[in-house]
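**Q**
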Amino acid sequence: MATGLGRRLWFIVGAALVLTAVLVFISGRESTARVDVADVVRQDLSSMVSTNGKVEPITPRSFRAGFATAVEKVYAVEGQQVKRGQLLFALDDKVARAGLAQARADLAAEQEALRVARSGGPVDQVAKIAADLKKAQTRLVQLRRDNESLTKLVAQKAATPQELEQNQVALAQAETDVQSLDKMKQASDRQAQTDIERVALLVERAQAQVRDYEEKVSSAHGTAPFDGTMYSLPIRSGDFVKEGDLLAEMADLHHVRVRAFIDEPELGQIDANRAVEILWDAHPERTWSGRTGVVPKQVVTHGTRNVGELLCSVSNDRLDLLPNTTVDVHIHVSERPNVLVVPRGAVYVDGSKRFVYRVEDDRLHRRDIKVGIANPTMIEVLSGLQQGDVVALPGEVSLKENLRIRAMRPE
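Just add 8 to wherever you are in the sequence shown, counting from 1, and you've got this note's numbering.
#1: What are the boundary residues of the beta strand (DSSP E) that residue 117 is part of?
#2: For a minimum of 3 consecutive residues, which ranges assigned as the beta strand (DSSP E) are wholly contained in the stretch 219-286?
#3: Does residue 364 pass the burial test, meaning 16 or more other C-beta atoms within 10 Å, or should it be called exposed?
#4: Taking the beta carbon of residue 325 as the centre, do at least 16 other beta carbons fall within 10 Å, making it buried, or is it exposed?
#5: Is residue 277 closer than 9 Å to residue 57 when the C-beta atoms are compared?
#6: Answer yes or no: the CB of residue 172 versus the heavy atoms of the ligand MN, is any distance below 8 Å?
#7: For residue 331, which three-state DSSP category applies?
#8: Can you give the beta carbon distance from residue 256 to residue 71, rounded, assuming they're within the 8 Å contact cut?
#9: So, helix, strand or coil for residue 88, using DSSP?
#10: Please report how far the alpha carbon of residue 203 lies from the alpha carbon of residue 152, in whole angstroms.
#11: Beta-carbon separation of residue 407 and residue 348 under 9 Å?
#12: To which residues of the same chain is residue 145 closer than 7 Å at the C-beta, ignoring the five residues directly before and after it?
#13: Would you grab the beta carbon distance between residue 304 and residue 339 for me? Rounded to a whole angstrom, and I think it's under 8 Å.
#14: Hey, could you find the ends of the beta strand (DSSP E) residue 309 is sitting in?
#15: For residue 194, does the three-state DSSP call read helix, strand or coil?
#16: With DSSP collapsed to three states, give me the class of residue 59.
#17: Tell me, please, which residues DSSP counts as bridged to residue 296.
#18: Just verifying my parser: in three-state terms, what is the DSSP assignment at residue 77?
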């Protein structure tokens, strides 16, 4: 009995010693981490500046209500291709037409008043002043002649001094009458000039009123000024619109422009006439091509960013890139053929240095590199690596020098 118990005790002790030895051995072994890796390869690399932008028509035509009224009828539909001269909508213009008729009548009255003012005033008044002045001037001339004759006759004792005195009194009165009538004519002329200036202003105001109503009446019937796409039509028949409300927008959308918002630090990389790629989430399978325009000359605030607004011309032959949409913009700023590249995620920054973790014999070793141009996914390696080298990619495992790994290649 005792012997059996002793054997079992020695067996338990031996098993414990073996288990302890196994655990010590396992704990002493170095673990292996699963890390994604990538090959250093050669390929053509295009460096891009990526940002967001907004699609804009190049030659838009907006229609706005010229006055408050009701929408009588809408003839077009949003998205429709319309032809030049095609009627798009009609507003109720009865009030505007009545206003136009009254404005034209007011203009005619003011033009007649201006004609009267330019003739010196009312015809009968002007004629009376002119006739009275001419009559007084004729009488004055005659009295002066009589005065000369009477003066000679009195000296010759052929006329009495009383006749000469009577002539002198009449002559003085005639001179007074001429002066008075001349002042009346001058005052009438001044008044006429004042009236001309005043009435001319009234005529200009009446003409402006007529033009305003003519524009209102004309705007009540919207017609397409050119062939294009009706890309915005927010009105419906029976709607009430206020003055200035947007009625419709159209443009030739075969060529559009994208206003790209370039962050201030990247503006120095941008040149005119660079290739541009446009992506839109609504059509992820499509890419639109274009070219950059004039480089921005100023920086503006756009939300929380300081940006330069770069206009890019974009071909839109299928008319499926719509105005006012937000798009992704990729601008090619440089091209490098057959260069060494690695994924951007494999490159780490240490102050002014760039480095990667190169895989050698299933271990990671830091390797400083010099880099060149980059695009959103790849970066050029100028020195520090060779074609065929393998570098570690970031993942769940924290990478470090001499880390033992099991290399995994992403599918």
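Built from N, CA and C at the ideal position, the CB exists for glycine as well.
Since the structure is predicted, the reported quantities are computational estimates derived from the model, not experimental observations.
**A** Concretely, from the data shown:
#1: Translated into the one-based positions of the sequence shown, residue 117 becomes position 109. Not the beta strand (DSSP E): residue 117 falls in the alpha helix (DSSP H), residues 102-126.
#2: Scanning the stretch 219-286 from its first residue to its last, the whole beta strand (DSSP E) runs of 3-plus residues come out as 229-231, 236-240, 254-259, 263-271.
#3: By 1-based counting over the sequence shown, the position of residue 364 is 356. Buried, by the Cβ-count rule.
#4: Here residue 325 refers to the residue found at position 317 of the sequence shown. The C-beta of residue 325 has fewer than 16 other C-beta atoms within 10 Å across all chains shown, which makes the residue exposed.
#5: Within the sequence shown, residue 57 is the residue found at index 49, counting from 1. Within the sequence shown, residue 277 is the residue found at index 269, counting from 1. Result yes, Cβ atoms of residue 57 and residue 277 sit closer than 9 Å.
#6: Of the ligands one can find in the structure shown there are none, so the ligand MN has no counterpart to examine.
#7: Counted from its first residue, the sequence shown places residue 331 at position 323. Residue 331 sits in coil when the DSSP states are folded into three classes, being neither helix nor strand.
#8: Residue numbering aside, residue 256 sits at position 248 when the sequence shown is read from its first letter. Residue numbering aside, residue 71 sits at position 63 when the sequence shown is read from its first letter. About 4 Å separates the two Cβ atoms, so the contact holds.
#9: Residue 88 sits at position 80 when you count from the first residue of the sequence shown. DSSP, read as helix, strand or coil, puts residue 88 in coil.
#10: Translated into the one-based positions of the sequence shown, residue 203 becomes position 195. Translated into the one-based positions of the sequence shown, residue 152 becomes position 144. Here the alpha carbon of residue 203 sits roughly 37 Å from the alpha carbon of residue 152.
#11: Sequence index remark: in the sequence shown, residue 407 carries index 399 (1-based). Sequence index remark: in the sequence shown, residue 348 carries index 340 (1-based). Taking 9 Å as the Cβ cut-off, residue 407 and residue 348 do not qualify as a contacting pair.
#12: In the sequence shown, residue 145 corresponds to position 137, counting from 1. If we look at residue 145 and ignore the five residues flanking it on each side, its Cβ neighbours are 186.
#13: Taking the first residue of the sequence shown as 1, we reach residue 304 at position 296. Taking the first residue of the sequence shown as 1, we reach residue 339 at position 331. Not a contact, Cβ separation roughly 12 Å.
#14: As a working mapping, residue 309 is identified with position 301 in the sequence shown. For residue 309, the enclosing beta strand (DSSP E) begins and ends at 308-310.
#15: Indexing the sequence shown from 1 puts residue 194 at position 186. Note: residue 194 maps to helix in three-state DSSP.
#16: What you label residue 59 is simply residue 51 of the sequence shown in a count that begins at 1. If DSSP states are grouped into helix, strand and coil, residue 59 belongs with the strands.
#17: Indexing the sequence shown from 1 puts residue 296 at position 288. According to the DSSP secondary-structure assignment, residue 296 is paired through a beta bridge with 286.
#18: In the sequence shown, the residue the question calls residue 77 occupies position 69. Three-state result, residue 77: strand.
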